[in-house]
Structure formats: structure tokens, C-alpha cells
Amino acid sequence: MSHRYQRIKLSEGCVSEWGQVPSGVPQGTKLGPWLILITINDLAVNNALLWKYVDDTTASEIVRKGDQSNAQAIADTVADWSRKNRVKLNNDKCKELRISFARVEETFHQ
8 MSHRYQRIKL SEGCVSEWGQ VPSGVPQGTK LGPWLILITI NDLAVNNALL WKYVDDTTAS
68 EIVRKGDQSN AQAIADTVAD WSRKNRVKLN NDKCKELRIS FARVEETFHQ
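Each position in the sequence shown, counted from 1, maps to that position plus 7 in my numbering.
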């Protein structure tokens, strides 16, 4: 049986001591969603709306006609936060959705 070492983050700069955790929280428990929310509670992104639910976080922005999108900066902020807090993002589940009401489709460069 492999053991992981984890600690609990209570707020920015306030974490518990490292402790051995023999397994994760089983799916379907009432405690699991609360532990995830505690872990990501301090994730904040300027100029973006965030929705945090269980193990899913969504960031969005409203870009008015003629304005510049901050989508890359938002993604970079989330990636930096995840590295600092040792939260592994699942790249297969990271998606981008664009909704536009413009008559002419805007071309975005990657």
C-alpha cells in the first residue's frame, strides 16, 4: 500500500503539518466535497467570475465588443495557483467555450 503525505490549507499562508494519508476520500462521502472546497477556497482570479463546486472549477469573463480578452491571463493564474498549491489539473478536462453574438466570427490566434 502506498502512502501519500498531505497537509490541509486553512487560509493563505496557514497550513497544517504534513501527515501521512494512506488513501483518498472515498467517492460519495459527505466529507469529500467539503475537503475539496477547503483546498481550493483561496483560488481567486482578477477580472474573472469563478464557480467552484466539488472537484470542478469554472472561470469566465464577459468581453464586450472591441475589448481584449483576458482568457490566457486567467488560465495562467489558475495554472500558477495549482503549481503553488500542488493541485494537479486534469488537462483532458480543461476546456474552453466561446459564446459570441457577433454577426462576423472573430479569429483568435493561439
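All residues carry an ideal CB built from backbone N, CA and C; glycine is no exception.
In this structure, DSSP gives S67 an extended state, which the three-state scheme calls strand. Pairwise C-beta distances place the stretch 44 to 60 in contact with the stretch 78 to 90, as three or more of them are shorter than 8 Å. For W58, the enclosing beta strand (DSSP E) has its first and last residue at L56 to Y60. Between E19 and T46, the alpha-carbon positions lie close to 11 Å from each other. Under the DSSP assignment, V94 falls outside any alpha helix (DSSP H); it carries neither an H nor an E label.
The beta carbon of K72 is closer than 8 Å to those of A109 in its chain, skipping five residues each way along the sequence.
Going by C-alpha positions, T65 is about 9 Å away from C101. Taking C-beta separations shorter than 6 Å and ignoring five residues to either side along the sequence, D74 has no partners in its chain.
By a beta-carbon distance limit of 8 Å, L50 does not contact W25. Their separation comes to about 21 Å. Counting along the chain, the unbroken alpha helix (DSSP H) around T46 starts and ends at L38 to I47.
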